Every structure is written in C-alpha cells, then in structure tokens.
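Chains as they are written, first to last, in the working numbering: chain A, 16 to 98; chain B, 16 to 98.
Idealized CB from N, CA, C, for every residue including glycine.
Predicted, not measured: the structure shown is a model, and the values here were computed from it.
Everything below concerns the one structure shown next.
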C-alpha cells in the first residue's frame with residue numbers, strides 16, 4: 016500500500032481568479048499584508064499495486080490529473096504503509 | 016516576505032465525489048491498483064507583514080480558507096524569502 020501526494024499548481028504567469036478572490040476576501044476580513052494568493056490542488060492517491068509506482072504516477076499526472084499547458088505538478092511517494 | 020503553503024483536505028469519512036470521479040477515470044484509463052483518491056486544496060500565500068504570522072494564518076484558515084466542519088488543514092511557513 017503506497018500513498019502518493021500530488022501537488023498541482025498553476026504555472027507562473029497564468030491568471031488565478033480564484034486566488035485573487037481569496038486575496039480580496041482576506042483583505043476585506045482585515046488580514047493585512049497578503050500580497051499574493053495562488054490556489055492549487057492536492058490529490059492524495061492510495062495505490063495497492065507497488066510496481067513501478069513513480070512512472071505510473073508521472074503518467075497519471077500528465078494524462079489526467081494536471082493540465083501540463085497551464086499547470087505544474089510535483090509528487091511525494093510514501094512507501095511502506097502497512098495495512 | 017513569507018511564503019505559506021496551506022493543505023486543506025476533507026476529513027476522514029466525508030464523502031469525496033470528485034475523488035471518486037478521478038478514481039473512476041484512472042481505472043478507465045487503465046491504471047490498475049488505484050484504491051482511493053481524495054482531492055483537496057493547496058493554497059499558497061505570500062505575506063509581507065511578518066508579525067505573528069502563525070496566529071494569523073491559523074485564523075485565516077479557520078475563518079475563510081477551510082470549512083472546519085468537514086475539512087482539516089495544515090500549513091508550512093517558509094520564512095526568510097528575500098525579495
């Protein structure tokens with residue numbers, strides 16, 4: 016059983032209206048000094064087939080989970096989770 | 016200038032239809048062994064007011080960024096980013 020955490024973020028320069036909205040709300044609520052907010056995705060997978068995990072996760076990200084045109088992704092693989 | 020990464024995840028037991036859809040799509044695409052998928056949010060803040068950052072981020076999460084009824088949050092604060 017392997018747990019994979021995938022962080023998907025918008026590339027630099029890609030407009031993030033959701034982040035802008037959050038930044039505006041934080042300022043309205045009185046939180047000063049918030050310069051920039053970017054909103055991304057965090058996908059946690061549990062995989063029970065441990066062969067060649069890294070290549071498969073890479074392919075999952077490129078094919079389905081992220082949009083490589085506008086998004087970057089990185090992942091961490093936690094092996095050895097006993098169930 | 017401080018960078019804060021906030022990870023927001025659904026609590027255990029809360030239904031995640033988006034995760035279920037992703038799991039179904041991965042299986043349809045031929046990725047075997049995907050047992051569970053949970054989709055959360057990753058919010059990256061840049062803050063230029065360095066006073067008492069941890070308490071303020073905690074308050075931002077509780078008041079706006081996360082829904083404490085169904086979501087957990089954790090954050091990492093990276094200090095000392097020079098601009």
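Whose Cβ in chain A lies nearer than 7 Å to the Cβ of residue i?
i, result
"residue 50/B", "61, 62 and 63"
"residue 41/B", "75 and 79"
So the candidates are the options; which of them puts its Cα closest to the Cα of residue i?
i, options, result
"residue 34/B", "85/A, 71/A, 60/A and 93/A", "60/A"
"residue 63/B", "47/A, 67/A and 53/A", "47/A"
"residue 94/B", "31/B, 52/B, 28/B and 69/B", "69/B"
"residue 92/A", "65/A, 82/A, 83/A and 85/A", "65/A"
"residue 82/B", "26/B, 16/B, 19/B and 20/B", "26/B"
"residue 85/A", "51/A, 23/A and 75/A", "23/A"
"residue 76/B", "67/A, 71/A, 77/A and 40/A", "40/A"
"residue 17/B", "20/A, 17/A, 51/A and 32/A", "51/A"
"residue 28/B", "71/B, 53/B and 78/B", "53/B"
"residue 71/B", "49/A, 87/A and 20/A", "49/A"
"residue 79/B", "21/A, 19/A and 45/A", "45/A"
"residue 20/B", "67/A, 73/A and 55/A", "55/A"
Taking Cβ-Cβ distances shorter than 8 Å, what residues in chain B pair up with residue i?
i, result
"residue 24/A", "57 and 59"
"residue 47/A", "64"
"residue 78/A", "44"
"residue 37/A", "58, 79 and 80"
With a threshold of 16 other CB atoms inside 10 Å of the CB of residue i, please say whether the residue is buried or exposed.
i, result
"residue 89/A", "exposed"
"residue 98/B", "Confidence is the limiting factor: at residue 98/B the pLDDT is only 47, short of 50, which leaves the residue's position unreliable and the question unanswerable from this model."
"residue 58/A", "buried"
"residue 43/A", "exposed"
"residue 30/B", "exposed"
"residue 36/B", "exposed"
Residue i versus chain B: which residues are under 9 Å apart at the beta carbon?
i, result
"residue 54/A", "56, 57, 58 and 59"
"residue 29/A", "Those within 9 Å of residue 29/A in chain B number zero; the least Cβ separation is about 13 Å."
Under the three-state reduction of DSSP, which class applies to residue i: helix, strand or coil?
i, result
"residue 55/B", "strand"
"residue 26/B", "coil"
"residue 41/B", "helix"
Compute every distance between the C-beta of residue i and the non-hydrogen atoms of the ligand FAD, then say whether any falls below 7 Å.
i, result
"residue 66/A", "Annotation note on the ligand FAD: not contained in the displayed structure, which lists no ligands."
Chain B partners of residue i, CB-CB under 7 Å?
i, result
"residue 71/A", "46"
(request) Report the residue ranges of all beta strand (DSSP E) runs contained in full by the stretch 67 to 98 of chain B; include only those spanning at least 3 residues, in chain order. (result) 86 to 93
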